[in-house]
Amino acid sequence: MSASAATPQEPTVTQALAADHGLKPDEYQRILDLLGRTPTFTELGIFSAMWNEHCSYKSSKKWLRTLPTEGPQVICGPGENAGVVDIGDGQAVVFKMESHNHPSYIEPYQGAATGVGGILRDVFTMGARPIAAMNALSFGAPDHPKTAHLVRGVVEGIGGYGNCFGVPNIGGEVRFHRSYNGNCLVNAFAAGLAQADRIFYSAASGVGMPVVYLGAKTGRDGVGGATMASAEFDDSIEEKRPTVQVGDPFTEKRLLEACLELMASGAVISIQDMGAAGLTCSAVEMGDKGDLGVRLDLEKVPCREEGMTAYEMMLSESQERMLMVLRPEKEAEARAIFEKWDLDFAVVGETIAEDRFLVMLNGEVKADLPLKALSGEAPEYDRPWVPTPPAAPLGEVPQMDPAEALTRLMGGPNGCSRRWVWEQYDHMVLADTVVRPGSDAGVVRVHGTRKGLAFAADVTPRYCVADPVEGGRQAVAEAFRNLCATGARPLAATDNLNFGNPEKPEIMGQLVGCIEGIGEACRALDMPIVSGNVSLYNETDGQAILPTPTIGAVGLLEDVARAIRMAPAAGDALVLIGE
Amino acid sequence: MRARVHITLKSGVLDPQGEAIRHALGALGFDGVERVRQGKVIELELADADPEAARARVREMCEKLLANTVIENYQIEIL
Amino acid sequence: MRARVHITLKSGVLDPQGEAIRHALGALGFDGVERVRQGKVIELELADADPEAARARVREMCEKLLANTVIENYQIEIL
Amino acid sequence: MKSAVIVFPGSNCDRDMAVALERATGRRPAMVWHKDAALPPGLDLVALPGGFSFGDYLRCGAIAARSPIMRAVADFAARGGHVLGVCNGFQVLIEAGLLPGALMRNAGLKFVCLDVALNVVTADSPFTRGYEAGARIVIPVAHHDGCYVAPPETLARLRDEDRIAFAYAPGDNPNGSAEDIAGILSANRRTLGMMPHPERANDPLLGGTDGAALFEGLAGALMDA
Ligand SMILES: Nc1ncnc2c1ncn2[C@@H]1O[C@H](COP(=O)(O)OP(=O)(O)O)[C@@H](O)[C@H]1O
Chain A
0 MSASAATPQE PTVTQALAAD HGLKPDEYQR ILDLLGRTPT FTELGIFSAM
50 WNEHCSYKSS KKWLRTLPTE GPQVICGPGE NAGVVDIGDG QAVVFKMESH
100 NHPSYIEPYQ GAATGVGGIL RDVFTMGARP IAAMNALSFG APDHPKTAHL
150 VRGVVEGIGG YGNCFGVPNI GGEVRFHRSY NGNCLVNAFA AGLAQADRIF
200 YSAASGVGMP VVYLGAKTGR DGVGGATMAS AEFDDSIEEK RPTVQVGDPF
250 TEKRLLEACL ELMASGAVIS IQDMGAAGLT CSAVEMGDKG DLGVRLDLEK
300 VPCREEGMTA YEMMLSESQE RMLMVLRPEK EAEARAIFEK WDLDFAVVGE
350 TIAEDRFLVM LNGEVKADLP LKALSGEAPE YDRPWVPTPP AAPLGEVPQM
400 DPAEALTRLM GGPNGCSRRW VWEQYDHMVL ADTVVRPGSD AGVVRVHGTR
450 KGLAFAADVT PRYCVADPVE GGRQAVAEAF RNLCATGARP LAATDNLNFG
500 NPEKPEIMGQ LVGCIEGIGE ACRALDMPIV SGNVSLYNET DGQAILPTPT
550 IGAVGLLEDV ARAIRMAPAA GDALVLIGE
Chain B
0 MRARVHITLK SGVLDPQGEA IRHALGALGF DGVERVRQGK VIELELADAD
50 PEAARARVRE MCEKLLANTV IENYQIEIL
Chain C
0 MRARVHITLK SGVLDPQGEA IRHALGALGF DGVERVRQGK VIELELADAD
50 PEAARARVRE MCEKLLANTV IENYQIEIL
Chain D
0 MKSAVIVFPG SNCDRDMAVA LERATGRRPA MVWHKDAALP PGLDLVALPG
50 GFSFGDYLRC GAIAARSPIM RAVADFAARG GHVLGVCNGF QVLIEAGLLP
100 GALMRNAGLK FVCLDVALNV VTADSPFTRG YEAGARIVIP VAHHDGCYVA
150 PPETLARLRD EDRIAFAYAP GDNPNGSAED IAGILSANRR TLGMMPHPER
200 ANDPLLGGTD GAALFEGLAG ALMDA
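Protein chains in written order, with numbering that gives the first Met the number 0: chain A, 0 to 578; chain B, 0 to 78; chain C, 0 to 78; chain D, 0 to 224.
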């Protein structure tokens, strides 16, 4: 029943080792109390993955619960891989936004590319074919020595992945501010189209069902990366470098096609993509949601490298992988689909009745944990926070010739055209792009129908830093307006909350304030939040980024032929609406 | 003076290109190809006269531009 | 057995990547870089035992897939 | 007219191409998997779609060009069948030796997705008969490796034999192609490869219809045949 002693080459688990895994002393104590023994090395790795900020949302959960997430249009709100919203005629749009900030700062091309890959997987894991993507980017000052390199790498990485995968990237944001000098933000959004009654969820069901590994092979990529994504940067950043992963959009494209075929075949009971700490988080989530245990036999995991340990396999962040619970009678059919697409397909375990996460390698127990406790008992904090004091009134506003002021604004890094960015993205693939980047929101036609979907991503961090509540409201309102401006009826939104270190009460105050403002505006506008992502510890040497709660919003046009573009004709009247 | 820089992915870093090539070779009937890795060569024509100074400069070029040292190794030959 | 294939653009074929590197090196203050050409290296791990047979096979791989002989030259090393 | 679209792993404009062909011909094209060794019988046209076949690893189109189905496509072309390759499809045709020259990394080294102006250089082909020679049309491009290069003798032959189908309008060359070449024909004029995407300019809603004449002209030519 108990896990075997650590094998000789495995380090002994101590509080110091736990600290290296990002677990605070009280969190480690919690593990000891829960198990009644010292965890094995693999178990420590599993806890560190499950209990870090990235997976457990331990600092933000309390506040996220206050967001409005329901509405008659909502089929599935937060908690799954992506949100699902009804668009009529039995169809649904599935979408989410997610950050890949730290990896993109370390290796901009691959960091941004794998961010796009991750968000696309979130969408097609639910049975949706991706139809649109956006990206919201925040970089340091234009003259900072790293900025040009980051901008070039991030934009190429987003393009490199999305263009190859074949999803139109139809909008986003780019901003420059010195607070991002040491910590850029890369927020990637993806949306897909599914049949409303054919959505796939992560909850496993049935005992003794095969757990199947799909996609690319496992390597030592990013071992420790999920921990990195929640750690503040400091000068030791160079040492963390080898944890970068390389994306393979070609494999992802095949994985998409294979998964959609598989889902159509009726073989899938539940499915989950492997993101950060892939095998760990995906297996635990499927078991937890389905009130089942999971047993994994790691020697069956397709590996790219030799001699991988259980610890490494459980924490690997190799991309383009999925975990699925399969209807056993469909195994041959399912395997044939994956073979057709030259992808790995391996039964690596099964669901079990007890509340247990049992990880074996060559018959040896590597981890034996209560499964529900891994997510259910994860720490949750009510971190101290202070409200942001009202901003000091602006000083003397310099007087300037309006025409000159306008030229300055339009020529500045934050006001100039973003054509250089979006021309590197295929924004027309799938031949349904009705409103291209450069307008208020991008619009794609729902293939084969007259309907259209509009997408916008917005936030104004300088408002958020001055007044988080107002800034939160404004981000929602702007996204809402950008949808309306194309003629769309806003449906729902996703949020990507990027903040500094939540252990500082003033940063926590920004988070609390922005969430309050977002919640208020979403309620007032009937635009629920159906998915989202939180990225904290965006700081370098104690300097936090501007609070940046990006809002990605989705709207519906009943007749896409009536979509409005920003292309007035000569002689059109100019009308100002609003206050 | 000429210098040649070989840039290869660090071991353990995924090489999707190499994998695709291996697969394609297999499909063309070349069997027994166990592993393929793809890298870059960059050949530089330099004004330097002293090979050691050239090597030092090329090393600096690699660190600053030619190689992505996060995921790549490099190797310099002075010809 | 390992083989290494160097694939380079034929002389006379424009190499925009090499040109861009040369330019970027200049901008970084590395002067005297007169020419830069970028090529590929493909490293193969082969089951073959006989080096001459391996070389012949790799040559065939180059002709059939690895190099585009319209614009590229290749060179094989058996290691 | 009976057509087929070849699907490689990594193709991503296969559906777009099928939609355009169906719109012009009223018949849904057959979708043919790259591992198949034979084409469906009775075809008039084979289309190779855009995308990133095999990830565009090694060289764009190189691995796809060696797929089992490409032998059948080459036979089909040799027997006088019509073949259209767009973007990645053009790269595949070149790598398969069905069209001369090579397509290299864009001169600007970046992926470019934008509308470009083209000149229809010749109307003398089943693909371009729907246009007037010399017409100026606008069609989007979206590629990273579209810089057409060929030895001078090849370029001269293409010119002399009137095989340049489309050229980027002066000043609108997005990739540095020799002689602004955007699309070329085979010697028998029945194979066309082009970097711009006519299937993306085939519907007023999507911002242009200048690609429609290509599909309609083709349908007309093959219907008459
Ligand atoms: N990273 C990006 N990727 C794609 N499109 C972008 C990106 N950044 C900005 N855009 C597009 O450029 C246009 C102008 O952006 P922005 O100034 O942020 O507009 P707005 O203030 O109307 O939201 C919008 O159409 C937007 O979608």
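We treat Cβ as the ideally placed atom computed from N, Cα and C, and that holds for glycine.
{"Asked": "Please report the residue range of the beta strand (DSSP E) in which C/Leu45 lies.", "Found": "32-45"}
{"Asked": "Where does D/Ile93 land, buried or exposed, given buried means 16+ other C-beta within 10 angstroms?", "Found": "buried"}
{"Asked": "Taking any Cβ of chain D, which residues in the segment 9-33 of chain C have a Cβ under 8 Å from it, in chain order?", "Found": "Val12, Leu13, Pro15, Gln16, Ala19"}
{"Asked": "Which residue or residues does DSSP assign as beta-bridge partners of A/Gln318?", "Found": "The partner list for A/Gln318 (beta bridge, DSSP) is empty, contrary to what the question assumes."}
{"Asked": "Report the rounded CA-to-CA distance for B/Lys63 versus A/Arg219, giving the unit in angstroms.", "Found": "26 Å"}
{"Asked": "Rounded to whole angstroms, what's the CA-CA distance from C/Met0 to A/Asn495? Just pull it up for me.", "Found": "50 Å"}
{"Asked": "Give me, in chain order, the residues of the same chain whose beta-carbon lies closer than 6 Å to that of B/Leu43; leave out the 5 immediate sequence neighbours on both sides.", "Found": "Ala2"}
{"Asked": "Is A/Ala377 near A/Ser98, with beta carbons less than 7 Å apart?", "Found": "no"}
{"Asked": "Using the Cα positions of A/Gly139 and A/Glu155, report the straight-line distance between them to the nearest angstrom.", "Found": "18 Å"}
{"Asked": "Check D/Ala76 in the structure and name its three-state DSSP category.", "Found": "helix"}
{"Asked": "So, is A/Thr11 buried or exposed, given that buried needs 16 or more other C-beta atoms within 10 angstroms?", "Found": "exposed"}
{"Asked": "Please look up how many angstroms separate the CB atoms of A/Ala131 and A/Val166, rounded, as I've assumed it's under 8 Å.", "Found": "7 Å"}
{"Asked": "Determine whether the beta carbon atoms of C/Pro15 and D/Arg158 lie at a separation below 7 Å.", "Found": "no"}
{"Asked": "Out of D/Pro197, D/Phe126, D/Leu108, D/Asn187, point me to the one whose CA is closest to D/Val140's CA.", "Found": "D/Pro197"}
{"Asked": "Short of 8 Å in beta carbon distance, which residues of its chain neighbour A/Lys427, apart from the five on each side in sequence? Order them along the chain.", "Found": "Before going further, note that residue 427 of chain A is Met rather than Lys in the sequence given. Counting only Cβ-Cβ distances below 8 Å, and skipping sequence neighbours, we find Pro167, Arg435."}
{"Asked": "Going along chain B, which residues have a C-beta under 7 Å from D/Leu102?", "Found": "Those within 7 Å of D/Leu102 in chain B number zero; the least Cβ separation is about 18 Å."}
{"Asked": "Could you say if the segment 103-119 of chain A and the segment 65-74 of chain B meet the contact criterion of at least three C-beta pairs nearer than 8 Å?", "Found": "yes"}
{"Asked": "Just to confirm the assignment, what range does the beta strand (DSSP E) spanning A/Lys95 have?", "Found": "90-98"}
{"Asked": "In the DSSP output, what is D/Leu83 paired with across the bridge?", "Found": "D/Ala46, D/Leu191"}
{"Asked": "Could you check whether the Cβ of D/Leu47 sits closer than 7 Å to any Cβ belonging to chain C?", "Found": "no"}
{"Asked": "Could you pull out every residue in the same chain whose Cβ sits closer than 6 Å to the Cβ of A/Val442, ignoring the five residues on either side in sequence?", "Found": "Val433, Val434, Gly451, Ala453, Thr485, Ala562"}
{"Asked": "What is the residue span of the alpha helix (DSSP H) that A/Ile506 lies within?", "Found": "504-524"}
{"Asked": "Less than 7 Å between CB atoms is the rule here; does A/Val243 satisfy it with respect to chain G?", "Found": "Protein chains A, B, C and D are contained in the structure displayed, whereas chain G is not."}
{"Asked": "Of the residues A/Glu284, A/Phe356, A/Ser59, which one's Cα is nearest the Cα of A/Leu322?", "Found": "A/Glu284"}
{"Asked": "Buried or exposed: A/His148, going by 16 or more other Cβ atoms within 10 Å of its Cβ?", "Found": "exposed"}
{"Asked": "I'd like to confirm the pairing. Which residues does DSSP put opposite A/Gly531 in its beta bridges?", "Found": "A/Asp494"}
{"Asked": "Tell me which same chain residues have a C-beta within less than 7 Å of the C-beta of A/Gly126, skipping the five on either side of it?", "Found": "Ala193, Arg197, Ile198, Phe199, Met262"}
{"Asked": "CB B/Val4 to CB B/Ile75, shorter than 7 Å?", "Found": "yes"}
{"Asked": "For A/Thr448 and A/Asp85, what's the separation of their Cα atoms in angstroms?", "Found": "15 Å"}
{"Asked": "Per the DSSP calculation, D/Cys112 is bridged to which residue(s)?", "Found": "D/Ala141"}
{"Asked": "With a threshold of 7 Å between beta carbons, is D/Ile62 in contact with chain B?", "Found": "yes"}
{"Asked": "Check the Cβ-Cβ distances between B/Met60 and every residue of chain C, and say whether any is below 7 Å.", "Found": "yes"}
{"Asked": "Residues of chain B with a CB under 9 Å from the CB of C/Asp47: which are they?", "Found": "Gly31"}
{"Asked": "Count the other CB atoms within 10 Å of the CB of A/Gly541; is the residue buried (16 or more) or exposed (fewer)?", "Found": "exposed"}
{"Asked": "Can A/Ser59 and A/Val529 be called in contact, C-beta distance under 7 Å?", "Found": "no"}
{"Asked": "Which residues in the same chain have their Cβ closer than 8 Å to the Cβ of A/Ser229, if we skip the five residues on either side of it in sequence?", "Found": "Legend: pLDDT at A/Ser229 = 46, less than 50; position of this residue unreliable, no value from coordinates given."}
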